[in-house]
Each structure stands twice: as C-alpha cells, then as structure tokens.
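Residue 21 is where the sequence shown starts when you use my numbering, and the numbers rise one by one after that.
The beta-carbon is built from N, C-alpha and C at its ideal position, and this holds for glycine as well.
In this text the structure is predicted, and so the values were computed from the model without any measurement.
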Amino acid sequence: MSSSTADQQQSSPGNSKQPSPSQLRYITEGTFGRIYTCNGTNVVYKMVKESSRGPKLKEEYTIYDEVHRSLDGAVFKVPRPFEYYSPPYQDDLSSSAPSSTTPTYNTPQEFDFNFVFPAFSMSLIPPLDPIITETYKSVFWSNELQRETHEIRLFRLYLGREDIPTVTQAIQPGVQTDPPLDIGRYEKLSAALTVRYGGEWELPDPKVIAWNVGEVLARLHWMGGDFNQCQRFLPPRTLHSLSTSPSSHSPQPTTGMYAANTLFQTMKRLATLIYTQEMYYPRPHQIEHYTQFKRGYVDIVEAILQNGLGGLGEDLKRDIIQAARGFFEEYERLDCEKMARKSRMGKKVVA
C-alpha cells in the first residue's frame, strides 16, 4: 500500500546485537510469528513463537531477499531484509555456510527473553498517512470502534476475497494494525478518498496491483526471485541435469513422493496449493483482475524464455510454457468447481 521504496529506509544495522526489551514495541502477529518495531529506527523484527518454526522463518528471510533484489527499480516493493538471528543453541539454523547468492546469517552473542526464538530484521514499511487511515475508519468501522484508539499502520489486500463485511463491528486483539481489504473495500476506500481530497489521494488501480502480484509470483516460481540472474533458474532434475544446487523456491520436485513428477505435474500441484491456501491472488471468476494477474505472470515467463534461457534448448522451453499453462488451467478448474458447488447450494458466489 506504500509507494516508498525499501531502499529509502535506514541502512542495514550490520552486525549489531538485537535490541533490548525496552526498545521493542509490539505491532502485530500472524500464524507463527510476532512483529516488533525498534524505537528510534526504521527497522522491524519478526520472531517466531516456537523454535520449531525457525527453518520456515529462515526460508522466508531468504525469499524476502530474493524478491527485494528482483524488484530493484520497480514501483512494486517489498521490505528489505537485514539480518537473520539464530539463538546459539539452535545449531541447525546457523551452521550451514551461506552461498554467494543468499543473505548472510548473523548470530548475536547475547539473547534476552524476547528473542529466545529465531528472528530476522527488515526495513520498516512506512505507515499509511493519517488521512487514509481516518478515512478507512469512517467508511468501514462501527461508531463504537471509531470512538476507541486503534492504530492502523498497513492494509492487507486480499485480491481473492469478496466476503469481508462492509462494516467492522469488532476487532480481534493483535491484528488491528493491519486490517484486511478485499477488492470491493479497496475500491470503496479509493472512491471515498477521491471524493474528499481529490486526485492527491488516488490509490493505485487494483488491476495494476493484480498485474504486479502476477509478476512477483512468476519470478518466485521460475527465478528464485532474482530477475537479474536468470541463470539461477533450474528445472526439475527429472527434466534437466545441472551441476548447480537448485533454488529452494523454484517449482521442482527433487525428493519424496513427488520426485518423479514432471514440471507440468508439479505446477498443477502448486496451483492447488495456492488456490486452497492463499487469498492474496485474484480468482478466475474475478475476470478483470484475474486477467491482469495472469498477464503479469505470463509476461515474466515470456521474458525469461526470450532473455535468459537461450542455452537450455527448445524442448525445455516448451516444457516451461506447458507447465505455466498447466498452472493456470488447474487454478481455473478449481475455481470453476468451487463456483459450481456454491451455485448448487444456492449460495452467493463469492471467493
């Protein structure tokens, strides 16, 4: 929701120790992590709630780094990651030597009770202007909520949702700082800002956002996030044998029950995973926004094939094209089935 870039934030804190409890201010939390700000800085810290989530947090930190670098110079930004902190007793999270293409993981010498679990620091996303947050409250919050003091720093835009109530009557503890928006709410907020303040507060078109989301997803799927290093793309080992280690974020089955899958099968399975678990992406029945989302994804895949994979052969290029097509075919099939079920049950057709 903010147009400020991550690189405009405070530079990396380097090898500094983690902040003391008195410096930290709790913002919000998600399924497995809590977010804190550090007083007087433009840095935030994400800490998992239990040590078993450490490897997942480390993977998330790496994804942030890859996507941040891949979007350098673009309008669409993500926070810049600085350091990954691992408690000394968790050797499994810090013992492996980082490669030249991954961020450096630092282990501070001292940990207080707030950071007994793995954490990482990243740039603070600039908070929303008070004009936007106050307009949001006046449009979507009940009178009771408007009379209370609630901080709103960011919005969560769920492009795939259409069922968020028009008026919020109550707020769950811990999530009031980043309330949700679906497309309907987003457009209503945009219209309210335009009416009250003119073009100065015009929000980006949600179709443009949908295109950018498709672009980011494609880069994660096919380049490990790094658009400037297309040589890092690695297909499944069943299709192509390369000596380099695969990127952990490329859609490739290498072990376990899916190790023999083709790239096409892998992408269909990935479509199921995204459709059933992620609401940030438009659904096919949301025709205008989904078309832009798909276009953004396909544009990046075409750019990869034209500019970065000339040495991998035409057969592999065809496999990639078919796999990307299979991803959307499966995504659209799942949506069609869900909409048909809702129709049979007489329910309003929403995501």
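Arg54 and Thr292 have their C-alpha atoms some 28 Å from each other. Measuring C-alpha to C-alpha distances from Arg167 to each of Tyr295, Ile152 and Gln189 identifies Gln189 as the nearest. The DSSP-derived three-state label of Ile184 is coil. The shortest CA-to-CA distance from Pro147 to any of Pro101, Leu44 and Leu174 is the one to Leu174.
Nearest to His309 by C-alpha distance, out of Met365, Asp319, Trp242 and Lys227, is Lys227. Between Phe284 and Gly346, the beta carbon gap of about 5 Å places them in contact (Cβ cut-off 8 Å). DSSP, read as helix, strand or coil, puts Met299 in coil.
With fewer than three CB-CB distances shorter than 8 Å, the segment 195-204 does not count as touching the segment 136-144. Per DSSP, the beta bridge partners of Arg45 are Thr57. Looking at Tyr104, Arg89, Glu86 and Lys358, the one whose alpha-carbon comes closest to that of Gly74 is Tyr104.
With fewer than 16 neighbouring CB atoms inside 10 Å of its own CB, Glu220 falls in the exposed class. Where Met359 is concerned, the enclosing alpha helix (DSSP H) starts and stops at Glu334 to Arg364.
Per DSSP, Val136 is not a residue of any alpha helix (DSSP H), being assigned neither H nor E. The beta carbon of Leu223 lies closer than 6 Å to those of Ser210 in the same chain, with the five residues before and after it left out. It is roughly 24 Å from the alpha-carbon of Ile47 to the alpha-carbon of Gln297. Cβ-Cβ separation between Arg315 and Trp231: approximately 6 Å, consistent with a contact (criterion under 8 Å).
Minimum Cα-Cα distance from Val87 among the listed residues Leu237, Val187 and Ala360 corresponds to Leu237. Minimum Cα-Cα distance from Pro185 among the listed residues Pro150, Trp161, Pro138 and Lys358 corresponds to Trp161. Non-local C-beta neighbours of Val98 in its own chain, meaning closer than 6 Å and more than five positions away in sequence, comprise Val87 and His88, ordered along the chain. Cβ neighbours of Lys358 within its own chain (closer than 6 Å, five residues either side excluded): none. Counting only the Cα atoms, Glu182 lies some 10 Å from Met299.
Around the Cβ of Arg303, a 10 Å sphere holds 16 or more other Cβ atoms; the residue is buried.
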